[in-house]
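Chains F and G supply the protein sequences, listed in that same order. For what it's worth, our numbering labels the leading residue of the first sequence as 2, then goes sequentially. For what it's worth, our numbering labels the leading residue of the second sequence as 2, then goes sequentially. The block underneath contains the structure these notes are about, expressed in structure tokens.
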Amino acid sequence: MDRASGERLVYLWNHRDEFRSNSEWYELYMLTQRQLKRCKAPILASLPESKEHSIDDFFRIKAFETAGRNSTPLYGPRALCRFFNNYLKDCLRAQDTAEITDSGHEDTDDDDTPFIERFGFSPPEDMIDPALDALEYGITLSQARSAARALLMSLADWQLTVLAQSTCADTDDKLTADALAKQLAIPSANYHLKKLGITKAHGGGGNPHFRECHLGQWIAGFGVDPVQDNVACIHWLLIQLCHEALARGLGEE
Amino acid sequence: MKPLTTISRQLGLEISEQAMDATTEIDEIDTDATEPVTMPLGLQAMIKARLRAHDQITQDDWPKRGQILRLEKPNPNQDERPFAALLIERTASPNVWSGYVVAPESELDYFAKGDVDLEDITESRDPLAGFVQTWNPVRIAIPSATACLAWLDREAMAYVTGAASNAPRLPDSARHEPEELDAITRYRSIYGIAAGEWAARAASLETQATTKPSLIDRISTQLANLGQLAAIGQWRPAVADPMGPEADQTLLWTLADLDIRIDPQACKLRKLGEDQRPAKVDLYLNDQLLESHTLTDAGDTAVIPLSPEHQAGKMTLAIREPSGTYIELRV
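In structure tokens:
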């Protein structure tokens, strides 16, 4: 890193609690990335995360969340490497502590999970034509697609990305929703996915709290109780949602 | 999920291992500095939320009911992470409020019964204001506050207080797997200890409020606020006492061309003589001029007694040094 960039990094780091624009944060992020990519971090070999992922976490926890009047000052760009290595030591210590298993891990390896199971429902035993079930509830295709678009509009960008590139996607090389959310540096990804209703362990008809999540409420909005008994109609509604998510997700790329 | 060790360390509960400036050998490896850098969506969203919150939340008007304040420990080496709390009501001490601990958005994986997700009840908030721990009441020392992270309206406050009335100390076992429950319980224990530490800080403030600070303490506080003068080199502690042996409680300062010594009995000023112009010192009691001194030559000294009778009233020491710098000390 050249001297001017190093000085700029130190200045921005030490004044980050005064940032009032996106561009200042972006510049600090860029300079932090460049500096930390140059640092040797042997502890990384003992951690499961990639260097890029660790740098993103470091930036969120040590630069963004701790930005305050009393945060530890940076005296030179090389000191940032020490900060980073100390952060990694913390991560290493934490790894030794018993941790709960992220629910996302439970659906990490099953890329071939049938569509409806991605939302925590068991596949229906007999599903001749789900659209007929939907019609029994008086739901038409255009109503379902329109409601899906409204739901998608209300979601955060990353949630749409997760739906389009993971939950709804049928490609072989896709990441799980949990892994993709982590890659996008979504803090508390497990909680947010649970709240949205797309983690296998916490979604679905077997879980009474599914009614409280966004997808459960969306389904209930059609007058359909989001439980296993109604899985055929739910399956059809979720297909319509995914149709719109894929259209929007691909369109935005 | 955020590691519990990191959370407790960031809350200042394992202080000895906390310092970020440990001496680690760092080598550098070459990478392409021109490589484009893309900020992840999660970070972009958090930054956007902070900037929006800062634009929409008044920053110079606290404490008020419903505000979520960021609190910081005074010593940067002691703690990294700010602590946040929702203000419910003022206690008997004007600088202490009761409220609930607020955890950051990044810890939402530990959300359980008794927590209130702020996303559901307020639009504009800093990501440090993620959820209210209504099971975790705390007393808040207002002088530790450095920013307002969110301000809940009446409806949102009603929701929070309603949730608080049903809040359990432990999370609902029906909603979590056993191992998940175990981690949440340990998480709550960490935050319970942190709330206790903040409550102790607030308690010491309440004690101070009931005891009138000593003369020296009161003046020390004012001197500490003269940072601007100190910055331009006009106001600095004296290196040695030029006017004799110092008492236990004595403040020694130099204000440009004046040496100033204050002890519990008297304020003594001496002109150094580097400036030809005179210095002036006035003592006011209840806004009435009580005595006035002009120091013209080098070595001229004024001794102003600070008797208990004087201290019982509203006493002000007005000092104008030769170059025109003027300070007022409320004695």
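The beta-carbon is built from N, C-alpha and C at its ideal position, and this holds for glycine as well. Since this is a predicted model, take the numbers as computed values, not measurements.
Interface residues of chain F facing residue i [CB-CB closer than 8 Å]
{"i": "residue 265 of chain G", "result": "Ordered by position in chain F, no residue passes the 8 Å Cβ test against residue 265 of chain G, which lies about 32 Å from the chain."}
{"i": "residue 107 of chain G", "result": "61, 62, 66, 188 and 189"}
{"i": "residue 38 of chain G", "result": "30, 31, 34 and 35"}
Residue range of the alpha helix (DSSP H) that includes residue i
{"i": "residue 57 of chain F", "result": "52–59"}
{"i": "residue 163 of chain F", "result": "158–163"}
{"i": "residue 162 of chain G", "result": "155–166"}
{"i": "residue 170 of chain F", "result": "Premise fails: residue 170 of chain F is in no alpha helix (DSSP H) and is neither H nor E."}
{"i": "residue 180 of chain F", "result": "178–184"}
{"i": "residue 72 of chain G", "result": "Where residue 72 of chain G is concerned, there is no enclosing alpha helix (DSSP H), although the beta strand (DSSP E) it sits in stretches over 68–72."}
{"i": "residue 117 of chain G", "result": "Not the alpha helix (DSSP H): residue 117 of chain G falls in the beta strand (DSSP E), residues 116–118."}
{"i": "residue 266 of chain G", "result": "Per DSSP, residue 266 of chain G belongs to no alpha helix (DSSP H) and is neither H nor E."}
{"i": "residue 27 of chain F", "result": "23–39"}
{"i": "residue 36 of chain G", "result": "That residue, residue 36 of chain G, is in no alpha helix (DSSP H); it is neither H nor E in DSSP."}
{"i": "residue 6 of chain F", "result": "4–15"}
{"i": "residue 119 of chain F", "result": "Where residue 119 of chain F is concerned, there is no enclosing alpha helix (DSSP H), given that its DSSP letter is neither H nor E."}
{"i": "residue 190 of chain F", "result": "190–197"}
{"i": "residue 72 of chain F", "result": "Counting along the chain, residue 72 of chain F falls outside any alpha helix (DSSP H), and DSSP gives it neither H nor E."}
{"i": "residue 151 of chain F", "result": "142–155"}
Residue closest to residue i, alpha-carbon to alpha-carbon, out of the options
{"i": "residue 238 of chain F", "options": "F:215, F:55, F:140 and F:32", "result": "F:140"}
{"i": "residue 8 of chain G", "options": "G:194, G:169 and G:86", "result": "G:194"}
{"i": "residue 202 of chain G", "options": "G:62, G:272, G:84 and G:48", "result": "G:84"}
{"i": "residue 25 of chain F", "options": "G:43, G:12, G:5 and G:48", "result": "G:48"}
{"i": "residue 88 of chain F", "options": "F:115, F:166, F:55 and F:77", "result": "F:55"}
{"i": "residue 234 of chain F", "options": "F:86, F:17, F:125 and F:81", "result": "F:125"}
{"i": "residue 186 of chain F", "options": "G:140, G:54 and G:39", "result": "G:39"}
{"i": "residue 331 of chain G", "options": "G:186, G:280, G:263 and G:116", "result": "G:263"}
{"i": "residue 94 of chain F", "options": "F:236, F:48 and F:73", "result": "F:48"}
{"i": "residue 6 of chain F", "options": "F:78, F:65 and F:74", "result": "F:78"}
{"i": "residue 322 of chain G", "options": "G:273, G:304, G:290 and G:306", "result": "G:273"}
{"i": "residue 318 of chain G", "options": "G:324, G:86 and G:306", "result": "G:306"}
{"i": "residue 18 of chain F", "options": "F:64, F:59 and F:58", "result": "F:64"}
{"i": "residue 269 of chain G", "options": "G:300, G:275 and G:279", "result": "G:300"}
{"i": "residue 101 of chain G", "options": "G:277, G:107, G:315 and G:67", "result": "G:67"}
{"i": "residue 163 of chain F", "options": "F:236, F:150 and F:178", "result": "F:178"}
{"i": "residue 148 of chain F", "options": "F:225, F:219 and F:39", "result": "F:219"}
8 Å Cβ cutoff, residue i in contact with chain C
{"i": "residue 116 of chain G", "result": "Absence of chain C from the displayed structure is noted, the protein chains being F and G."}
Partners in chain F for residue i, counting only beta-carbon separations shorter than 9 Å
{"i": "residue 84 of chain G", "result": "Correct list: empty, because the minimum Cβ distance to chain F is about 10 Å."}
Cross-chain neighbours of residue i in chain G, by beta carbon under 7 Å
{"i": "residue 26 of chain F", "result": "48"}
{"i": "residue 212 of chain F", "result": "Chain G residues near residue 212 of chain F: none, gap ~13 Å exceeds 7 Å."}
Boundaries of the beta strand (DSSP E) in which residue i is found, first to last residue
{"i": "residue 48 of chain G", "result": "No beta strand (DSSP E) holds residue 48 of chain G; the alpha helix (DSSP H) holding it covers 42–57."}
{"i": "residue 91 of chain G", "result": "84–91"}
{"i": "residue 253 of chain G", "result": "252–256"}
{"i": "residue 142 of chain G", "result": "132–142"}
{"i": "residue 98 of chain G", "result": "97–104"}
{"i": "residue 262 of chain G", "result": "259–263"}
{"i": "residue 147 of chain G", "result": "146–152"}
Contacts of residue i in chain G (Cβ-Cβ under 8 Å)
{"i": "residue 193 of chain F", "result": "109"}
{"i": "residue 69 of chain F", "result": "71, 73, 83, 147 and 148"}
Where residue i meets chain F, residues with beta-carbon distance less than 7 Å
{"i": "residue 41 of chain G", "result": "57, 185 and 186"}
Within chain G, the residues that residue i reaches when beta carbons sit closer than 9 Å
{"i": "residue 222 of chain F", "result": "Near residue 222 of chain F there are no residues of chain G at all, since even the closest Cβ is about 17 Å away, more than 9 Å."}
{"i": "residue 23 of chain F", "result": "45, 48, 49 and 52"}
beta-carbon residue i near the ligand GDP non-hydrogen atom, thresh 7 Å
{"i": "residue 147 of chain F", "result": "Looking at this structure, you won't find the ligand GDP or any other ligand, since it has none at all."}
The segment 144–173 of chain G: positions lying closer than 7 Å to chain F by Cβ: 147
Residues within the segment 132–165 of chain F neighbouring chain G, beta-carbon criterion of under 7 Å: 157, 158, 159 and 162
4-residue-minimum alpha helix (DSSP H) runs that sit fully inside the segment 268–329 of chain G, ordered along the chain: 309–313
Inside the segment 219–253 of chain F only - alpha helix (DSSP H) runs reaching at least 4 residues: 232–253
Chain F contacts made by the segment 117–138 of chain G, where a contact means CB separation under 9 Å: If the cut-off is 9 Å between Cβ atoms, the segment 117–138 of chain G has 118, 120, 128, 129 and 131 near chain F.
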